[in-house]
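Below is one structure, written out as structure tokens; comments come after it.
Protein chains: 4
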Amino acid sequence: MGKVRVGILGATGPVGQRFVQMLANHPWFEIAVLAGSERSAGKAYGEVVHWILDTPIPPEVKDMVVAAGTPDALQGRCEMVFSALPSGAARELEPQFAAAGFPVFSNASALRMEPDVPLVIPEVNPEHLALIRVQQERRGWKGFVVTNPNCSTIHLVCALKPLHDAFGLEQVFVTTLQAVSGAGYPGVASLDIVDNLIPYIPGEEEKIEREPLKLLGTLVHQHVEPARFAISAAVHRVPVVDGHTEAVVVKLRTRASLEEVAHTLRTFQGVPQRLGLPTAPQPAIILREEPDRPQPRLDRNAGNGMATTVGRLRPDPVLDYKFVLLGHNTVRGAAGASLLNAELALTLGYLDEFVDTASLEAFQPHPATTL
Amino acid sequence: MGKVRVGILGATGPVGQRFVQMLANHPWFEIAVLAGSERSAGKAYGEVVHWILDTPIPPEVKDMVVAAGTPDALQGRCEMVFSALPSGAARELEPQFAAAGFPVFSNASALRMEPDVPLVIPEVNPEHLALIRVQQERRGWKGFVVTNPNCSTIHLVCALKPLHDAFGLEQVFVTTLQAVSGAGYPGVASLDIVDNLIPYIPGEEEKIEREPLKLLGTLVHQHVEPARFAISAAVHRVPVVDGHTEAVVVKLRTRASLEEVAHTLRTFQGVPQRLGLPTAPQPAIILREEPDRPQPRLDRNAGNGMATTVGRLRPDPVLDYKFVLLGHNTVRGAAGASLLNAELALTLGYLDEFVDTASLEAFQPHPATTL
Amino acid sequence: MGKVRVGILGATGPVGQRFVQMLANHPWFEIAVLAGSERSAGKAYGEVVHWILDTPIPPEVKDMVVAAGTPDALQGRCEMVFSALPSGAARELEPQFAAAGFPVFSNASALRMEPDVPLVIPEVNPEHLALIRVQQERRGWKGFVVTNPNCSTIHLVCALKPLHDAFGLEQVFVTTLQAVSGAGYPGVASLDIVDNLIPYIPGEEEKIEREPLKLLGTLVHQHVEPARFAISAAVHRVPVVDGHTEAVVVKLRTRASLEEVAHTLRTFQGVPQRLGLPTAPQPAIILREEPDRPQPRLDRNAGNGMATTVGRLRPDPVLDYKFVLLGHNTVRGAAGASLLNAELALTLGYLDEFVDTASLEAFQPHPATTL
Amino acid sequence: MGKVRVGILGATGPVGQRFVQMLANHPWFEIAVLAGSERSAGKAYGEVVHWILDTPIPPEVKDMVVAAGTPDALQGRCEMVFSALPSGAARELEPQFAAAGFPVFSNASALRMEPDVPLVIPEVNPEHLALIRVQQERRGWKGFVVTNPNCSTIHLVCALKPLHDAFGLEQVFVTTLQAVSGAGYPGVASLDIVDNLIPYIPGEEEKIEREPLKLLGTLVHQHVEPARFAISAAVHRVPVVDGHTEAVVVKLRTRASLEEVAHTLRTFQGVPQRLGLPTAPQPAIILREEPDRPQPRLDRNAGNGMATTVGRLRPDPVLDYKFVLLGHNTVRGAAGASLLNAELALTLGYLDEFVDTASLEAFQPHPATTL
């Protein structure tokens, strides 16, 4: 076996397409199965997918026959799955896959806040992967589910992590300007977004106000003690294809100079950077000095879409500091997040029982203790 | 004299065009002079203006010869002027016009924060017009200058006014998503805004953090004692033609229920509404209940572009309440603001020495004491 | 009876909304019934409609209960109906309404090309209304159906009509750049149109290549002899909210100078203009001289959205002349077209058996012979 | 010498930036000098450029000091230059560079139609490079100027070339929908393009109607006999960042079936494809079968932005066939066109007197006779 064989659940949707695109030339993983809805199953992927990315469909998957999205249909054909399922389907199917022995790396929101399901950003809380064992034991699953947060949460927490570690967070205000690709396809109607914006995305503010506290929480006695600070979120959909922009104001627990804050952001190194994971951006956070950056069209592809760009760091007249951040919402904000989680899990040995890592080309294991 | 003859300074620019459009059929004012730069002076308005509004140039001004923008050139031709001058020109020319005996109603930022220059929104601080007397005395001017705030400030403060009166403001966070028409013409390059947004507008955050304190301040002993609360602003330019959106979070001084806050906004009546000024929207604040409103394309023209629409009023997990507001940036946010100031000043008698109000058709004076 | 009571079929869709907006203050017609799908019937219009226009829902229809879209449900409640039904529903329901005694003024494409159904633009072929008698006789209907063409066809043929009359058309090439509102709601997905365009609209080129020949055809012996010239159409969807742009090249049968062509367009007067119909634009065709007009945002509302604006008239190096034209696609291109047809029919006496015209306020009949 | 050292004239503008981007990792060429206006000269490139591309400035040029744009300033520092100069400057400076011994590969329009200046698309008329000798002899230049056509012309003629060769062209109608990046920076004002389009680009129709005849013309007795067919062009600017779309109708001299036309386009192989030039797309023309392709966002990057995508090939009711084509306007339509010309010239030996080709790595010369 040269590479780990993976399946993609929900492979025809926008996030599924990003999984296909990002896995096409991956050094460790190869696409073995594309699973879709009943409507798609049995047909060639290239026929049923309404491809919306600006790179062509990878030729090797074009003629792949779409499989049904059930554990039975994938059994023996892949060692693990990535899930781009919508929330309702994820809640039902992901536990079935885990029970049937598949490691599931999911972008869906369904199980994120379950106490025994790791909600992980490798740069932020890699140690939370240890919940895998708790989950397996508690639920009697042979496989497991690992989740990543909402697209807006990911980039926000990437930027907050070094500040929280260094100075402690007390209050966070975040206002988002989110790209239309975040709404899936067909998603937002063009009449609602040409010469317009919508100050509302169902369920989004709740996710942004809740998920960071689990991500920045502490693993104690087999559960995550949430971080203690307050978040206020206000979200907007804007006429941008890809790239979420977020205006942030923070109150810190300890006093810090502007230069200290800048230095903390600029020098941040996460575990994926230290491990040199294939999809990890280097650096994870890009701090720009220009007065008018980041901008979606210019900065969303930074670090191959995996970096978070921060700009306009400045003192705030009410709290401590404000800044604006930007990141790609379907790369780092979705498929790339699950992929990096899988790279981390593989590297730390969590896939050892599912994959013969010795036979993997181009792969160097790192024991979890090196974190 | 059937109507007050007015001049427009900076008549060919985008705000100048709005003045022309809004004054075209005004019951009290008529356009007597259009003043422009040296390049335009002496030529027909229809020839030199690059008209960007979606209604045609009013036929009666198309052939009007553009005058030079000096007091001499306008002397005897109009009783007062509206100024759509850029800031630099305003700082130089507006005092000359006031000294030469013209009442100047200015949209420019140049003199807004001068202690003896009224910065007025008729719904918010009509009593600040009393600074006119202070200004005339201190500077020895026969005329005077009255200013209105920045486009983003106006709608923000319209919404804050009833809350400040009822509950007191302690902290305000505002994140704006501003339309491209706010940058003038040619303004923002299309390459910077198609599939993009810019998280920066020079000088804008400073104005939004400063002007509201003067507007909500108290007139004591011939000067304005600024209001005491803290404002944090973060501004963005988005691909919308007209209509600024603002996401707001407030901390109040006294406890208020959601229904009390909603009721306060919904029932707000300002002086222009009570006086029935021609350009006053009725109501000044529209509170919408739908989860996804206001939106620029749908709500910017509410109240003929003079109303402020508030929506998504909800409790905030960090402070007290958050909401989103929207208003037209070149109507209420610019030309309409100056025009309403002029209507207020005329009604309250501040133009009595310049205009024979008795001969005005369709005009009912109200003594200032009725405020 | 002060006004003709009308029903609107398909009242909740985008074209239905335009009917509501345009009929709200109409001098001759008043909205008596709003009919919708089963899902909407029985509920208040304001609750079920997803209103997408930038003027508010007229207050008088907000609480109107939506009726089922059947002849029975409308019987006795209105004298005639406007149809904004989708094509499939129109093909089934419009004949039922006509059979039940309703005059139907339809924007749907279903029956347009039926030999005994008038396809009419009042400026172009008002005399084709005479097919009403043929239709009633042939089908045994008490009522009738009158249709108007496709949104792109209407503005194209408005501009071609005077040229065809004066010089004869031989070849017409038209390339359209069509607004997203033409696709209904939700219509085009935002991911397909932000920083993008689509060179395809199903069925649209066929309509543009076929309908003009019937419209410019001659009524002989109870049927329409189609005009004889060739049309080539290529259509595109572009990121514009309202207003279709069309680039046209024409080959004429007789030689004409540029000035003759311009004069012919500039001086065109149609029957609606001569009759002074309430919704008729004056003039029907606006010929602009600027090098860069018409533009959708600036010119779509010309003549209250009912005029066709032509610009860039110039010699063509291959055929004779080329020009660009623009018109509002949901006003003149849809609801306004049906409405003007109804105004024409009423004026010419085609509604005499359905309406007591003597009791109508503000209405002056013109016998058909005056055409 | 590992690579040919090149200079870029007009390096800070949008096309200059594309040259920088495309030359950054080129196997044969390396950027030795960046030349700019007086305002930029002497400063670091990274400081003076307003970088508008969505990939970062290549690190190796960021600190390069911008040179003055004169032959003296570049003498000895590079073997040849690419010109991204505006037309006026090109007309003056390019002859000076050629006279001073530099081969100039220019994207400017200034000299394109000069009888002794090659106007070349390598897939279309590589043999026209022979005019270099005529030009040098006639003007006494040691260097020379080679030009490429206008961005819209390039993709149009790429698609027309195989049809002209196989069937002969008689009439061509083309309507363009052009991206805003084609207008440079700041270029089109956002107020002119958000929810809008402009049916006019100065000088563009003339170029499209004229340049193809030279490109498809025949080299006889040291000059180009223009091709004999008629072209009609109508151009529009639309809210798309990159990628020009063109709707084309053609009349052929000999009868051809739809399948013959499709086959001719699908199997086209140009000289750059046969030579395997580094920047040549493979294939040069992509023929798509979907009804709704090509689209700018999805297809502009085909062949790394160097391919022309054709779609919707279908019979035309007036002439013979119609189709829509799309290509990247600043890659293949500008910098990439000059670059491919240079690769062709180097390969065919036209740079032998300027460059020690024997010492070039990764380069295989092909004698001109192999064409």
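Protein chains in written order, with the numbering used here: chain A, 1 to 371; chain B, 1001 to 1371; chain C, 2001 to 2371; chain D, 3001 to 3371.
In this text, a Cβ means the ideal position worked out from N, Cα and C, and glycines have one as well.
So, does the CB of residue i fall closer than 8 Å to a CB anywhere in chain A?
| i | result |
| --- | --- |
| residue 2152 of chain C | no |
| residue 1148 of chain B | no |
| residue 2106 of chain C | no |
| residue 3194 of chain D | yes |
| residue 2189 of chain C | yes |
Counting only C-beta atoms, is residue i closer than 8 Å to chain C at any point?
| i | result |
| --- | --- |
| residue 90 of chain A | no |
| residue 1326 of chain B | no |
| residue 241 of chain A | yes |
| residue 1054 of chain B | yes |
Pull up the distance between the alpha-carbon of residue i and that of residue j, whole angstroms please.
| i | j | result |
| --- | --- | --- |
| residue 2017 of chain C | residue 2011 of chain C | 6 Å |
| residue 3233 of chain D | residue 3192 of chain D | 22 Å |
| residue 1034 of chain B | residue 1088 of chain B | 19 Å |
| residue 278 of chain A | residue 3248 of chain D | 45 Å |
| residue 2177 of chain C | residue 1305 of chain B | 30 Å |
| residue 2256 of chain C | residue 2316 of chain C | 13 Å |
| residue 261 of chain A | residue 3067 of chain D | 38 Å |
| residue 225 of chain A | residue 115 of chain A | 10 Å |
| residue 1069 of chain B | residue 2285 of chain C | 38 Å |
| residue 2198 of chain C | residue 1189 of chain B | 24 Å |
| residue 3307 of chain D | residue 365 of chain A | 42 Å |
| residue 85 of chain A | residue 1253 of chain B | 46 Å |
| residue 353 of chain A | residue 103 of chain A | 10 Å |
Taking 8 Å as the CB-CB limit, is residue i close to chain B?
| i | result |
| --- | --- |
| residue 200 of chain A | yes |
| residue 3185 of chain D | yes |
Following the continuous beta strand (DSSP E) through residue i, name the residue where it begins and the one where it ends.
| i | result |
| --- | --- |
| residue 2231 of chain C | 2230-2237 |
| residue 1225 of chain B | 1223-1225 |
| residue 32 of chain A | 29-36 |
| residue 3145 of chain D | 3144-3147 |
| residue 220 of chain A | 218-220 |
| residue 287 of chain A | 285-287 |
Let's see if you can read the secondary structure: which residues bound the alpha helix (DSSP H) around residue i?
| i | result |
| --- | --- |
| residue 3017 of chain D | 3014-3023 |
| residue 1132 of chain B | 1131-1139 |
| residue 166 of chain A | 151-167 |
| residue 3061 of chain D | 3059-3062 |
| residue 1046 of chain B | 1045-1048 |
| residue 2272 of chain C | 2271-2275 |
Where DSSP assigns a beta bridge to residue i, which residues make up the other side?
| i | result |
| --- | --- |
| residue 3327 of chain D | D:3244 |
| residue 3395 of chain D | Residue 3395 of chain D lies beyond the range of chain D shown here (3001 to 3371); nothing can be said about it. |
| residue 1083 of chain B | B:1009, B:1106 |
| residue 2180 of chain C | DSSP lists no partner for residue 2180 of chain C. |
| residue 2976 of chain D | Here chain D covers residues 3001 to 3371 and nothing more, so residue 2976 of chain D does not appear. |
| residue 2189 of chain C | A:189 |
Using a C-beta cutoff of 8 Å, does residue i count as contacting chain D?
| i | result |
| --- | --- |
| residue 2307 of chain C | no |
| residue 2322 of chain C | yes |
| residue 1181 of chain B | yes |
| residue 1057 of chain B | no |
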